[in-house]
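Scroll down for the structure; my scribbles are underneath it.
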Amino acid sequence: MPTTSVRRLVGILVLLGCLFGLLVWYGSLAPNPSVGAYPDSEDLGPEYDAWVGEQTSLTGTVVETDPLTIVSEYGTGELLRLQVTDADVDAQQGETLALYGVVEPDNTIRALNAYTVPSTNYVYMYGVSFLAGLWVLGRLARDWRLDWKTWSLEPRESPLSLRRGLVDTRQSTEDHDA
């Protein structure tokens, strides 16, 4: 049916438009501590004094350990240097420090909670996510096929296997018989 393909295409375009609209809407939200959206370095950097006394949640790279000082990037590569007090954490220079605290005068954050994030966590996170994505893509290609006439995914009659190769022999013999 030709209308099925058109309807699916329109549906895909509508969903992509909604996704784009939600991304723009979410990016335009202002910090709102009453719902857990605390100001971060993007908010503190340009107008630090306006946030004094407010709670904040941000991350930064440790540049000094005595006193504990972090640098957080905001805007177009500008740096916000902050001294952290009351942090019960053993942070080393170069580590990433995530903290939740209260904005104090003179670029100081009084930490209510702080922890370090080892750089190996990011490598592990991206590595595991990449492998999981490959696994899902492999399962999708193995068990499903794309029907170009109806623009839909349909289950395969027999899954693809590496022993038979990545060609669905049953599908290709049906095409030759027709």
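The sequence shown begins at 1005 in this note's numbering and counts up by one. For every residue, glycine included, the Cβ atom is placed at its ideal position computed from N, Cα and C.
Practice task
Could you please give the first and the last residue of the uninterrupted alpha helix (DSSP H) stretch that includes L1166?
Solution key: As a position in the sequence shown, residue 1166 is number 162, starting the count at 1. Going by DSSP, L1166 is part of no alpha helix (DSSP H) at all; its letter is neither H nor E.
Problem - Of the residues V1121, A1145 and V1107, the one placed nearest E947, counting alpha carbons only - result: In the structure displayed, the chain extends from 1005 to 1182; residue 947 sits before or after that span and is not available.
Practice task
Can you say whether S1076 is buried or exposed, counting buried as having 16 or more other CB atoms within 10 angstroms of its CB?
Solution key: In the sequence shown, counting from the first residue as 1, residue 1076 sits at position 72. Burial call: buried.
Exercise for the section: Consult DSSP for N1125 and reduce its assignment to one of helix, strand or coil. Expected result: Numbered from its first residue, the sequence shown carries residue 1125 at position 121. N1125 falls in the helix class under three-state DSSP.
Problem - Supposed contact pair T1120 and L1101 - C-beta distance, whole angstroms, cut 8 Å - result: In the sequence shown, residue 1101 corresponds to position 97, counting from 1. In the sequence shown, residue 1120 corresponds to position 116, counting from 1. Contact between L1101 and T1120 holds, with the beta-carbon distance rounding to 6 Å and staying under 8 Å.
Practice task
Check whether the segment 1073–1093 touches the segment 1133–1150, counting contact only when three or more Cβ pairs, one atom from each stretch, lie closer than 8 Å.
Solution key: The segment 1073–1093, when compared against the segment 1133–1150, does not touch it at the 8 Å Cβ threshold.
Problem - Where A1054 falls: helix, strand or coil (DSSP) - result: As a working mapping, residue 1054 is identified with position 50 in the sequence shown. Reduced to three states, the DSSP call for A1054 is helix.
Problem - Alpha-carbon spacing of T1008 relative to Y1130, whole angstroms - result: Reading the sequence shown from its first residue, position 4 is the one you call residue 1008. Reading the sequence shown from its first residue, position 126 is the one you call residue 1130. Pairing T1008 with Y1130, the inter-Cα distance amounts to about 38 Å.
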